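Throughout the sequence shown, residue numbering follows my numbering, covering 526 to 794 in sequence. Built from N, CA and C at the ideal position, the CB exists for glycine as well. These numbers come from a predicted model, not from an experiment.
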Amino acid sequence: MTPKPYTHKDAVPYRPLDWTGLYPPAYPKGAVPNHVALVMDGNGRWANRRGLTRIEGHRAGESTLLDVVAGAIQAGVRHLSVYAFSTENWARSPDEVRFLMGFNREVLHRRRDQLNEWGVQVRWAGRRPRLWGSVVRELEYAQRLTAGNDVLTLTMCVNYGGRVELIDAMRSIAEDVAAGRLKPSAVSEKLVQRRLYVPDMPDVDLFVRSSGEQRTSNFLLWESAYAEFVFLDTLWPDFTREHLWRAIDVYLDRDRRFGGAVDAPDTAL
Ligand code: IPE
Ligand code: IPE
Ligand code: MG
Numbered sequence: 526m527t528p529k530p531y532t533h534k535d536a537v538p539y540r541p542l543d544w545t546g547l548y549p550p551a552y553p554k555g556a557v558p559n560h561v562a563l564v565m566d567g568n569g570r571w572a573n574r575r576g577l578t579r580i581e582g583h584r585a586g587e588s589t590l591l592d593v594v595a596g597a598i599q600a601g602v603r604h605l606s607v608y609a610f611s612t613e614n615w616a617r618s619p620d621e622v623r624f625l626m627g628f629n630r631e632v633l634h635r636r637r638d639q640l641n642e643w644g645v646q647v648r649w650a651g652r653r654p655r656l657w658g659s660v661v662r663e664l665e666y667a668q669r670l671t672a673g674n675d676v677l678t679l680t681m682c683v684n685y686g687g688r689v690e691l692i693d694a695m696r697s698i699a700e701d702v703a704a705g706r707l708k709p710s711a712v713s714e715k716l717v718q719r720r721l722y723v724p725d726m727p728d729v730d731l732f733v734r735s736s737g738e739q740r741t742s743n744f745l746l747w748e749s750a751y752a753e754f755v756f757l758d759t760l761w762p763d764f765t766r767e768h769l770w771r772a773i774d775v776y777l778d779r780d781r782r783f784g785g786a787v788d789a790p791d792t793a794l
């Protein structure tokens with residue numbers, strides 16, 4: 526892929542996927558997690574430790590996202606869902622919230638052509654009320670622009686919360702039941718799935734969080750029911766594609782049983 530010059534004032538030059546010169550290990554066929562969920566955490570701590578404001582930490586995280594998307598494509602991951610702004614993040618200072626809204630909009634604007642060039646399909650998961658209209662417009666534009674791509678689906682989770690996602694699904698089911706369009710006995714896993722923000726999103730295989738915190742913070746609760754969790758201490762602005770590959774290595778060593786069990790007495794005893 527030949528890097529192209531950039532013309533728009535907000536655009537950034539195109540880069541080939543392997544601009545860092547790094548390549549993932551050769552994974553066994555079919556072993557790579559199909560869907561990786563990523564909590565991009567630690568921007569504020571990264572900045573404060575350098576005597577900078579939290580906002581500078583968010584800025585520093587932008588290039589990490591692009592690096593990790595490229596690394597996910599190299600590894601053969603098909604779905605990457607990133608937590609960009611949670612329904613709980615409204616609790617932050619008005620200045621930080623304002624910054625994060627504008628920043629999400631700008632990052633989408635600046636990076637969409639590059640993502641499109643890589644064959645990334647951008648999608649949005651989140652709740653519409655309260656989210657800035659200009660952010661929704663950028664998300665929808667990026668969705669339309671990249672709708673035909675199938676190398677990697679990048680779901681931007683903006684104003685996303687696992688509980689409100691389930692509440693919204695329950696409401697829509699309850700409305701159908703109350704109107705007589707649906708029998709309570711028809712409520713199944715499949716039906717709930719179809720009422721989620723992205724109905725065709727596959728289950729999360731690998732859930733990664735940067736920054737050392739070991740919690741979900743309300744991310745993809747339903748979708749991660751059987752995910753493998755890998756927590757890395759690196760703060761998000763220091764995170765690279767190699768950290769993602771390390772998390773995939775840890776994942777590959779896990780034994781996913783999904784509730785099943787196989788008898789295998791140790792013969793060496
Ligand atoms: C993650 O970094 C980015 C968002 C939540 C938007 P934080 O802002 O949570 O950084 P820490 O966790 O306070 O260091
Ligand atoms: C989760 O991180 C949300 C995002 C990364 C967007 P937070 O930093 O907001 O979560 P808590 O407050 O540590 O649980
Ligand atoms: Mg945090």
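- Counting along the chain, the unbroken alpha helix (DSSP H) around residue 624 starts and ends at 619-642.
- By the C-beta density criterion, residue 697 is exposed, having fewer than 16 other C-beta atoms within 10 angstroms.
- Between residue 629 and residue 671 the beta-carbon gap is near 16 Å, outside 8 Å, which marks them as no contact.
- Note on geometry: alpha-carbon atoms of residue 694 and residue 721 lie some 6 Å from one another.
- Residue 722 is not bridged by DSSP to any residue.
- Following the DSSP letters along the chain, one finds residue 593 inside the alpha helix (DSSP H) bounded by residues 579-600.
- Residue 746 and residue 686 have their C-alpha atoms spaced approximately 9 Å apart.
- Between residue 680 and residue 606, the gap from beta carbon to beta carbon is short of 8 Å.
- In this structure, the C-beta of residue 740 stays at least 7 Å away from each heavy atom of ligand 1.
- Short of 8 Å from the beta carbon of residue 767, and not among the five residues preceding or following it, lie these beta carbons of its own chain, in chain order: 547, 596.
- For residue 714 and residue 794, the gap between their C-alpha atoms comes out near 43 Å.
- When secondary structure is reduced to three states using DSSP, residue 779 falls in the coil class, being assigned neither helix nor strand.
- With a threshold of 7 Å, the Cβ atom of residue 626 does not count as near ligand 1, since no heavy atom of the ligand is closer than that.
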